[in-house]
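Visitor: Numbering (the numbering used here), first residue to last: -2 to 124.
Using N, Cα and C, we set each Cβ at its ideal position, and we do this for glycine too.
Just so we're clear, the structure is a prediction, and the values are computed from it rather than from any experiment.
Next up is a structure, given as structure tokens.
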């Protein structure tokens, strides 16, 4: 049985608060789910583009609000995953920027290039 969401109008101030708090809660939830996956407490469920499109079609058939919520979940999840410190992602780049700030020197360009290449190969291997 799929959960039923009830949409209730709320005042503008509460809507703005929810729009600020819910994405942060979703990122924390994503981090906790990732932790449970690594601990083996939660089953890993990976979907490729075809699976995502099928889910989107399913949600669109349920209504535009369900479709928008699914788009919201995908966007927040991609935001979280992109900031993980994996080479070739923005989070991996941030690691090198932090190194540069702390060490006050640029990292070796060859090491950085090799690291990002390995990261890209790792990500391609997941698909």
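With residue 22 as the anchor, note down where its alpha helix (DSSP H) starts and where it stops.
Guide: Looking up residue 22 in the chain shown gives position 25. Residues 9 to 35.
Visitor: When the Cα atoms are used, what is the spatial distance from residue 113 to residue 85?
Guide: Here residue 113 refers to the residue found at position 116 of the chain shown. Here residue 85 refers to the residue found at position 88 of the chain shown. Distance between the alpha carbons of residue 113 and residue 85 is about 5 Å.
Visitor: Could you tell me the distance, in whole angstroms, from the CA atom of residue 41 to the CA atom of residue 110?
Guide: Position 44 of the chain shown, counted from the start, is the residue given in the question as residue 41. Position 113 of the chain shown, counted from the start, is the residue given in the question as residue 110. Distance between the alpha carbons of residue 41 and residue 110 is about 30 Å.
Visitor: Within 10 angstroms of its Cβ, does residue 45 collect 16 or more other Cβ (buried), or is it exposed?
Guide: As a first step, residue 45 is located in the chain shown; it is residue number 48 there, counting from the start. When all chains shown are included, residue 45 counts as exposed.
Visitor: Taking the alpha-carbon positions, what's the residue 25 to residue 88 distance?
Guide: In the chain shown, residue 25 corresponds to position 28, counting from 1. In the chain shown, residue 88 corresponds to position 91, counting from 1. Whole-angstrom Cα-Cα distance: 16 Å.
Visitor: Note the first and the last residue of the continuous alpha helix (DSSP H) segment covering residue 65.
Guide: By 1-based counting over the chain shown, the position of residue 65 is 68. 61 to 79 is the extent of the alpha helix (DSSP H) around residue 65.
Visitor: Using a Cβ-Cβ cutoff of less than 8 Å, which residues in the same chain neighbour residue 28 once the five nearest sequence positions on both sides are dropped?
Guide: Here the question's residue 28 lines up with position 31 in the chain shown. For residue 28, where only same-chain residues beyond five positions count, the Cβ hits under 8 Å are 77.
Visitor: Taking residue 118 as the reference, which of 100, 83 and 103 has the closest Cα?
Guide: Taking the first residue of the chain shown as position 1, residue 118 is located at position 121. Considering only alpha carbons, the answer is 83.
Visitor: Compute the distance between the beta-carbons of residue 73 and residue 20, then report whether it is under 7 Å.
Guide: Locating residue 73 in the chain shown gives position 76, counting from the first residue. Locating residue 20 in the chain shown gives position 23, counting from the first residue. Taking 7 Å as the Cβ cut-off, residue 73 and residue 20 qualify as a contacting pair.
Visitor: Measuring CB to CB, does residue 56 end up less than 7 Å from residue 63?
Guide: Translated into the one-based positions of the chain shown, residue 56 becomes position 59. Translated into the one-based positions of the chain shown, residue 63 becomes position 66. The answer is yes: Cβ separation under 7 Å.
Visitor: So what's residue 57 in DSSP terms, helix, strand or just coil?
Guide: One-based indexing of the chain shown puts residue 57 at position 60. Reduced to three states, the DSSP call for residue 57 is helix.
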